[in-house]
Amino acid sequence: MTGIARHAALLPPVAGEWVTLGEGATPTVALPRLGAAIGLPRLRAKCEHVNPTGSYKDRIAALSLTLACERGQRGWIATSSGNAGTSLGAYGARAGLPGLLFATPTITREKLVPIEAVGTTVVRVADIGTGGSAAAAERVFATVRALAAEHDLFLGVTANALNPDGMRGADTIGHELAEADPPDVVYVPTGGGGLSVCVARGLADAGAAGTRVVVAQPDGCAPIALALDGRLDQPRVERCTTAISGLQLPAPPDGGASVARVRASGGWGSAVADAAILEAQRQLARLEGVFVEPAAATGVAAAAADRAAGRLAADADVVVILTGSGAKDLASAAVWAGGAGDCQPEEVERVAAGWLAGLAGASAEDAAR
């Protein structure tokens, strides 16, 4: 079996053909240079950004569209800030099922164009995402859910509360971590709470219940982390202020389930500033050559903050889940990535000499340390 179908024994039953693009079986790689920089020498990354459309949501889309075909449904409908829409659109096209996506107004062009390219109809909805309200998000979820039921469409929203069967596809991340070398702690970038539920459940189902699951959220929208820390009775805030796309859910549909699963694992919540997340994105790229979108770097920022605060021991075996590719949000990196220069053919040697001089100076500084 290819794709996540190899985990079929732990997933909802599928009688027919799987809809697959070869998702899953992503590598877990050591991050020695970044780990040394933040005091976690055993730091590793689960590289979900290398899935076919560039995010872990491909696992959910594979199972969701497989089930939609088995049920004979007319198409799919969902809400998304981009990654789920990209995955559902691609797998929907693979299955021959059309889709309607209601997106956040701030969806990046890098996410929007691939969704439209595969034939999905996309409509941006005001007052969700950055600056959005909990009431608006809850209304959109309720409306989409009702439309799916009324018109025999698969409800592809990536939340256990709305798509419990399809979300089991993301459990396979936990299965794969358990198969390899289960970490002491796994950091999960969290918006709606669904991924943290799936990772914890997948680990437990595969026999690795000893791994602690940590919810990592931007502090401008951290209802689950705040609830886990006891600062909120319920995981809900009225409005979202973070600019980190994909993690902008003030009323997370899987918030309560996430709190329960994380607590049961012995884990906790960690909230970090947007600036720390962008710095973690930069460090991943510069120190390890791994370019991910800001949301995917949230676990790295949270692990660094927890190590600095003494919440993590230096010898902890830590895995961060890198949820999405940096190619999905190029503007976020433009502020630190620098700019390309220009020169004439006869200037190439001079430009190279300047670069080499800088390289020699950096080497001398390193030797002096």
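1 is the number of the first residue of the sequence shown in my numbering; add one for each residue after it.
The beta carbon of each residue, even a glycine, is placed where N, CA and C say it ideally should be.
Would the region 206-226 count as touching the region 255-271 if we require 3 or more Cβ pairs under 8 Å? These segments touch.
Under 8 Å: do the region 139-159 and the region 40-55 share three or more Cβ pairs, one atom per stretch? No: fewer than three Cβ pairs fall under 8 Å.
Buried or exposed: Trp76, going by 16 or more other Cβ atoms within 10 Å of its Cβ? By the 10 Å Cβ count, Trp76 comes out buried.
Terminal residues of the alpha helix (DSSP H) in which Tyr187 lies: Element bounds for Tyr187: not the alpha helix (DSSP H) but the beta strand (DSSP E), 185-189.
Taking a contact to mean a Cβ-Cβ separation below 9 Å, would you say Ala200 touches Ala178 in this structure? For the pair Ala200 and Ala178, the CB atoms are not nearer than the 9 Å cut-off.
Compute the Euclidean distance between the alpha carbons of Glu346 and Gly354, then round it to the nearest angstrom. In this structure, the alpha-carbon of Glu346 lies about 14 Å from that of Gly354.
Which residues in the same chain have their Cβ closer than 7 Å to the Cβ of Gly39, if we skip the five residues on either side of it in sequence? These residues qualify, in order along the chain: Arg307, Ala314.
Reference Ser133, options Val237, Ala340, Tyr91, Val19, closest by Cα: In this structure, Val237 is the residue among Val237, Ala340, Tyr91, Val19 with its C-alpha nearest to the C-alpha of Ser133.
Please report the residue range of the alpha helix (DSSP H) in which Ala280 lies. Run containing Ala280: 274-288, per the alpha helix (DSSP H) assignment.
Identify whether Phe291 lies in helix, strand or coil by the three-state DSSP scheme. Coil, per DSSP.
Looking at the unbroken alpha helix (DSSP H) that takes in Pro218, where does it start and where does it end? Unbroken run through Pro218 is the beta strand (DSSP E), 212-218; no alpha helix (DSSP H).
Across which residues does DSSP place Trp76 in a beta bridge pair? The partner list for Trp76 (beta bridge, DSSP) reads Gly99, Phe154.
Okay, do the region 167-186 and the region 54-73 touch, 3+ Cβ pairs below 8 Å being the bar? For the pair of segments examined, the region 167-186 was found to touch the region 54-73: the number of CB pairs separated by less than 8 Å reaches three.
Quick one, are the C-beta atoms of Pro183 and Val319 less than 9 Å apart? Closer than 9 Å, so yes.
If you compare alpha carbons, which of Cys343, Ala302, Pro294 is closest to Ala331? Comparing alpha-carbon positions, the option among Cys343, Ala302, Pro294 lying closest to Ala331 turns out to be Pro294.
List in chain order: all unbroken beta strand (DSSP E) runs of 3+ residues lying wholly within the region 13-57. Listed in chain order, they are 28-30, 44-47.
Please state the DSSP three-state secondary structure of Thr241. Of the three classes helix, strand and coil, the one that applies to Thr241 here is coil, per DSSP.
Closer than 7 Å by C-beta to Phe102: which residues in its own chain qualify, once you throw out the five before and the five after it? Chain order, please. If we look at Phe102 and ignore the five residues flanking it on each side, its Cβ neighbours are Thr79, Val123, Val125, Val140, Val144.
Starting from the C-beta of Gly54, find all residues in its chain whose C-beta is less than 8 Å away, skip the five residues before and the five after it, and write them out in chain order. If we look at Gly54 and ignore the five residues flanking it on each side, its Cβ neighbours are Asn83, Thr86, Gly324, Ser325, Ala327, Lys328.
For Thr28, which option in Ala180, Asp274, Thr2 has the closest C-alpha, if you only look at C-alpha atoms? Comparing alpha carbon positions, the residue from Ala180, Asp274, Thr2 closest to Thr28 is Ala180.
Run of the alpha helix (DSSP H) containing Val199, from where it starts to where it stops: Per DSSP, the continuous alpha helix (DSSP H) segment holding Val199 begins and ends at 194-205.
Considering only residues of the region 94-139, which uninterrupted alpha helix (DSSP H) runs meet the minimum length of 4 residues and lie entirely inside it, listed in chain order? If we require 4 residues or more, the alpha helix (DSSP H) runs fully inside the region 94-139 come out as 109-117.
Would the beta-carbon of Pro98 fall within 9 Å of that of Gly72? Cβ atoms of Pro98 and Gly72: not closer than 9 Å.
Of the residues Pro13, Val335, Glu288, Thr242, which one's Cα is nearest the Cα of Ala222? Nearest C-alpha to Ala222: Thr242.
In three-state DSSP terms, what is Ala227? Per DSSP, reduced to three states, the secondary structure at Ala227 is helical.
What distance in whole Å lies between the Cβ atoms of Ala301 and Ala276, which are believed to be in contact at a cut-off of 8 Å? Right, the Cβ-Cβ distance comes to about 4 Å (below 8 Å), so this counts as a contact.
Less than 8 Å between C-beta atoms, sequence neighbours within five positions excluded: which residues of the same chain meet that for Gly131? Shown here for Gly131: same chain residues with a beta carbon closer than 8 Å to its own, the five before and five after excluded, namely Arg239, Cys240, Thr241 in chain order.
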